[in-house]
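K.L.:
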Amino acid sequence: MKQRVAFLTLGCRANQFDTASISDAVEHDTELVDFEDEADVYVINTCTVTHRADANARNLIRKARRRNPDAKVIVTGCMAQTQPDAVAAIDGVDLVVGNSHKDRLPELLVDPERITHAPRIAVKKLGFKRQIPDLPKISRMQDKTRAFVKIQDGCDYSCTFCIITIARGANASLSVDDLVDQVRRLGDAGFHEVVLTGVQIGRYGHDLEPRTTLVDALRRLLDETDMPRIRLSSIDPREVGDDLIALMADNPRICPHLHIPIQSGDDAILLLMKRNHDRAFMRDLFGRIRDQIPDVMIGSDVIVGFPGEGPSEFDMTIDFVEQWIDHVHVFSYSDRPGTVASGMDDKVPPEVIARRSQVLRDIGQRKRMAFGQRLVGRVEQVLTESRPTDDGLLAYTVHYMPVTVRGDVEPNRLVDVSIDIEGEQLVGAIAR
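First residue of the sequence shown: 5, per the numbering used here; consecutive thereafter.
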């Protein structure tokens with residue numbers, strides 16, 4: 005009888021790709037079940053970006069144990085990598101498998117005896133020279149019509165707030181040949197969009213021999229695959245070069261959507277964060293992007309309440325977001341043990357962080373809807389999702405704007421719709 009295995013993924017798209025790869029590898033030798041159902045093995049792929057992410061993981065571990073007290077609970081991902089002893093001490097955890105050993109999960113999951121005899125903690129430090137984990141290629145992503153492809157892992161920066169370099173190590177890239185093959189597989193499986201993801205995708209290929217770049221990889225994907233839509237995930241400001249901007253401007257298959265994390269709009273805070281850009285650089289970069297790709301949607305990440313952030317520094321961030329950003333992900337600052345920022349003075353009180361975060365979220369929502377207003381009256385191609393809304397099917401434009409599509413349309417279809425707006429929701433009628 006096959007083992008019933010349930011996966012749950014927290015955090016970033018890189019984690020989602022890892023889970024999809026592992027579940028693909030074991031689907032023929034196990035019975036994959038929903039995390040809400042009773043399973044023999046629960047695998048929780050964790051995030052550790054914030055304290056809230058850690059708390060969420062702990063709650064899910066306890067829920068899995070309550071769902072089936074006899075099940076094995078395996079915790080993997082970034083929390084497992086950075087806090088293995090603390091995770092192992094959580095009541096109900098059987099195995100802790102760090103990112104360093106994540107590629108061994110498939111062989112564990114297909115054989116109950118291996119789980120029983122495996123070391124309780126499998127974690128080693130991720131160094132500055134390493135290879136991307138050898139996870140199997142994927143041909144599906146559960147309940148998704150856009151496929152994530154992890155093109156690299158790790159990060160070469162040392163931002164003072166970030167624990168990801170500890171959790172995922174240095175930059176390690178997938179070979180271009182493997183990337184092209186992966187995207188072809190997904191195209192053959194019926195996907196119409198891939199999202200190239202990782203931790204620092206702008207450094208893609210810098211570690212390969214011969215050295216290559218993200219732009220080189222994109223050119224090969226354009227030349228050697230038929231994937232209709234290629235989307236980039238988050239990319240650092242310093243890694244958006246003129247060659248990438250020009251390639252995006254000239255190739256409609258690359259979605260006109262860039263997510264560029266600024267983290268702050270104030271130079272003093274950026275210096276404390278040890279970011280490698282300042283306000284003037286970002287202003288020049290965003291101006292060049294908008295000049296060459298007028299229809300682009302620019303999203304960003306901002307950390308609110310970093311140590312030393314006062315009212316004037318926060319106002320500088322608001323000003324930059326108002327001028328240049330169409331959509332913002334707001335992260336309330338959270339001390340991460342082992343980071344430089346956790347030892348800094350001049351911490352911002354939690355209630356101030358919460359208030360400022362809400363102010364910025366409100367601005368972000370208004371800016372996003374302002375971008376949506378620009379689409380009203382236009383015919384836009386959207387990719388339909390598998391998730392229905394109350395009165396239609398959810399879909400996304402090339403700019404990653406959500407649209408509720410009305411009419412007779414199936415999931416995972418590229419369709420042209422006429423865009424309108426109702427309240428704060430974009431709606432689309434099938435264009436005739």
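The beta-carbon is built from N, C-alpha and C at its ideal position, and this holds for glycine as well.
Using CA coordinates, which residue listed in Ile266, Thr149, Phe375 is at the minimum distance from glutamate 414?
P.N.:
Within the sequence shown, the letter at position 410 stands for residue 414. Measuring from the Cα of glutamate 414, the nearest candidate turns out to be Thr149.
K.L.:
Looking only at C-alpha atoms, which of Phe152, Asp38, Asp192 sits nearest to cysteine 16?
P.N.:
Taking the first residue of the sequence shown as 1, we reach residue 16 at position 12. It is Phe152 whose Cα lies nearest to the Cα of cysteine 16.
K.L.:
On the criterion of 16 or more Cβ atoms from any shown chain inside 10 Å, does serine 316 qualify as buried, or is it exposed?
P.N.:
Here residue 316 corresponds to residue number 312 of the sequence shown, with the count starting at 1. The residue is exposed, with fewer than 16 neighbouring Cβ atoms inside 10 Å.
K.L.:
Is the distance from the Cβ of glutamine 377 to the Cβ of isoleucine 425 below 8 Å?
P.N.:
The residue labelled residue 377 in the question sits at position 373 within the sequence shown. The residue labelled residue 425 in the question sits at position 421 within the sequence shown. In contact: glutamine 377 and isoleucine 425 (Cβ atoms closer than 8 Å).
K.L.:
Taking the beta carbon of aspartate 230 as the centre, do at least 16 other beta carbons fall within 10 Å, making it buried, or is it exposed?
P.N.:
For this step, residue 230 is matched to residue 226 along the sequence shown. Looking at its Cβ environment, which holds fewer than 16 other Cβ atoms inside 10 Å, aspartate 230 is exposed.
K.L.:
Are glutamate 389 and leucine 397 close, meaning C-beta to C-beta below 8 Å?
P.N.:
Counted from its first residue, the sequence shown places residue 389 at position 385. Counted from its first residue, the sequence shown places residue 397 at position 393. Yes, they are a contact pair.
K.L.:
Taking 8 Å as the cut-off, decide whether the C-beta atoms of histidine 210 and arginine 242 are in contact.
P.N.:
By one-based count along the sequence shown, residue 210 stands at place 206. By one-based count along the sequence shown, residue 242 stands at place 238. No, the Cβ-Cβ distance between histidine 210 and arginine 242 is not below 8 Å.
K.L.:
Among Phe285, Phe375, Met373, Arg8, which has the Cα closest to the Cα of valine 30?
P.N.:
As a working note, residue 30 is residue 26 in the sequence shown. Valine 30 has its Cα closest to that of Arg8, out of Phe285, Phe375, Met373, Arg8.
K.L.:
Give the secondary structure of isoleucine 273 by DSSP, where H, G and I count as helix, E and B as strand, and everything else as coil.
P.N.:
Locating residue 273 in the sequence shown gives position 269, counting from the first residue. Looking at isoleucine 273 - three-state DSSP - the assignment turns out to be helix.
K.L.:
If we call anything under 8 Å between Cβ atoms a contact, is aspartate 1 one with glutamine 204?
P.N.:
The requested residue 1 does not occur in the structure, where the chain is confined to residues 5 to 436.
K.L.:
Between proline 88 and isoleucine 119, is the Cβ-Cβ spacing less than 8 Å?
P.N.:
Against the sequence shown, residue 88 aligns to sequence position 84. Against the sequence shown, residue 119 aligns to sequence position 115. Result no, Cβ atoms of proline 88 and isoleucine 119 do not sit closer than 8 Å.
K.L.:
Report the residue ranges of all alpha helix (DSSP H) runs contained in full by the stretch 53 to 137; include only those spanning at least 4 residues, in chain order.
P.N.:
Entirely contained in the stretch 53 to 137, the alpha helix (DSSP H) runs reaching 4 residues are, in chain order, 55 to 71, 82 to 86, 88 to 92, 109 to 113, 116 to 121.
K.L.:
Which residues does DSSP pair with leucine 225 in a beta bridge?
P.N.:
Position 221 of the sequence shown, counted from the first residue, corresponds to residue 225. According to DSSP, leucine 225 bridges with nothing at all.
K.L.:
Which of the three DSSP states is assigned to leucine 14 in this structure?
P.N.:
For the purposes of this step, residue 14 is identified with residue 10 of the sequence shown, where counting begins at 1. Three-state DSSP puts leucine 14 in coil, outside helix and strand.
K.L.:
Please report the distance separating the alpha-carbon of leucine 387 from that of proline 354.
P.N.:
Sequence index remark: in the sequence shown, residue 387 carries index 383 (1-based). Sequence index remark: in the sequence shown, residue 354 carries index 350 (1-based). Rounded to the nearest angstrom, the two C-alpha atoms are 40 Å apart.
K.L.:
What are the residues that DSSP puts in a beta bridge with serine 3?
P.N.:
A query on residue 3 cannot be resolved here, the shown segment of the chain reaching from 5 to 436 and no further.
K.L.:
Span of the beta strand (DSSP E) holding leucine 36?
P.N.:
In the sequence shown, the residue the question calls residue 36 occupies position 32. From DSSP, the beta strand (DSSP E) with leucine 36 extends over 35 to 37.
K.L.:
Buried or exposed for glutamate 213, please, with buried defined as at least 16 other CB atoms from any protein chain shown within 10 angstroms of its CB.
P.N.:
In the sequence shown, residue 213 corresponds to position 209, counting from 1. Exposed: under 16 other Cβ atoms inside 10 Å.
K.L.:
Near aspartate 160, which residues of its chain fall below 7 Å by C-beta distance, leaving aside the five closest residues on each side in sequence?
P.N.:
As a position in the sequence shown, residue 160 is number 156, starting the count at 1. So the list reads Ala174, Asn175, Gln204, Arg207, once near-sequence residues are dropped.
K.L.:
Please state if the CB of arginine 417 and the CB of isoleucine 167 are separated by a distance shorter than 8 Å.
P.N.:
Taking the first residue of the sequence shown as position 1, residue 167 is located at position 163. Taking the first residue of the sequence shown as position 1, residue 417 is located at position 413. For isoleucine 167 and arginine 417, no; Cβs fall outside 8 Å.
K.L.:
Which residue marks the beginning of the beta strand (DSSP E) containing aspartate 424, and which one marks its end?
P.N.:
By one-based count along the sequence shown, residue 424 stands at place 420. It spans 418 to 426 - the beta strand (DSSP E) in which aspartate 424 sits, taken as one unbroken run.
K.L.:
Going by the beta-carbon positions, is the gap between asparagine 49 and glycine 81 smaller than 8 Å?
P.N.:
For the purposes of this step, residue 49 is taken as residue 45 along the sequence shown, with counting starting at 1. For the purposes of this step, residue 81 is taken as residue 77 along the sequence shown, with counting starting at 1. Result yes, Cβ atoms of asparagine 49 and glycine 81 sit closer than 8 Å.
K.L.:
Give me the DSSP bridge partner(s) of valine 199.
P.N.:
Indexing the sequence shown from 1 puts residue 199 at position 195. Partner(s): Phe152, Arg235.
K.L.:
Can you give the Cα-Cα distance for methionine 286 and leucine 251, rounded to whole angstroms?
P.N.:
Translated into the one-based positions of the sequence shown, residue 286 becomes position 282. Translated into the one-based positions of the sequence shown, residue 251 becomes position 247. Using only the alpha carbons, I get a separation of about 20 Å.
K.L.:
At what residues does the alpha helix (DSSP H) containing valine 321 begin and finish?
P.N.:
The residue given as residue 321 occupies position 317 in the sequence shown. For the sequence presented, residue 321 should be read as threonine rather than valine. Taken as a continuous stretch (DSSP letters only), the alpha helix (DSSP H) holding threonine 321 covers 315 to 328.
K.L.:
Nearest-angstrom Cα distance between glycine 342 and leucine 364?
P.N.:
Translated into the one-based positions of the sequence shown, residue 342 becomes position 338. Translated into the one-based positions of the sequence shown, residue 364 becomes position 360. Glycine 342 and leucine 364: Cα-Cα distance of roughly 28 Å.
K.L.:
Glutamine 156 and leucine 178 look like a contact to me (Cβ under 8 Å); what is the Cβ gap, rounded to whole Å?
P.N.:
Position 152 of the sequence shown, counted from the start, is the residue given in the question as residue 156. Position 174 of the sequence shown, counted from the start, is the residue given in the question as residue 178. Between leucine 178 and glutamine 156 the Cβ distance is about 6 Å, and since that is below 8 Å, they are a contact.
K.L.:
Which of the three DSSP states is assigned to glutamate 243 in this structure?
P.N.:
Stepping through the sequence shown from its first residue, residue 243 is reached at position 239. Glutamate 243 falls in the helix class under three-state DSSP.
K.L.:
Based on the DSSP output, what are the partners of leucine 262 in its beta bridges?
P.N.:
Your numbering for residue 262 matches position 258 in the sequence shown. Looking at the DSSP assignment, leucine 262 forms a beta bridge with Ile302.
K.L.:
Return helix, strand or coil for aspartate 412, following the three-state DSSP convention.
P.N.:
The residue you call residue 412 lines up with position 408 of the sequence shown. Three-state result, aspartate 412: coil.
K.L.:
Starting from leucine 190, trace the alpha helix (DSSP H) in both directions and tell me its first and last residue.
P.N.:
Looking up residue 190 in the sequence shown gives position 186. Leucine 190 -> alpha helix (DSSP H) spans 180 to 192.
K.L.:
What separation, rounded to the nearest whole angstrom, lies between the Cα atoms of proline 232 and leucine 276?
P.N.:
Start at 1 with the first residue of the sequence shown, and residue 232 comes out as number 228. Start at 1 with the first residue of the sequence shown, and residue 276 comes out as number 272. C-alpha separation (whole angstroms): 41 Å.
K.L.:
Given that a residue counts as buried once 16 or more other Cβ atoms are within 10 Å of its Cβ, and exposed if not, what is glycine 309?
P.N.:
Counting from 1 along the sequence shown, the entry for residue 309 is found at position 305. So glycine 309 counts as buried.
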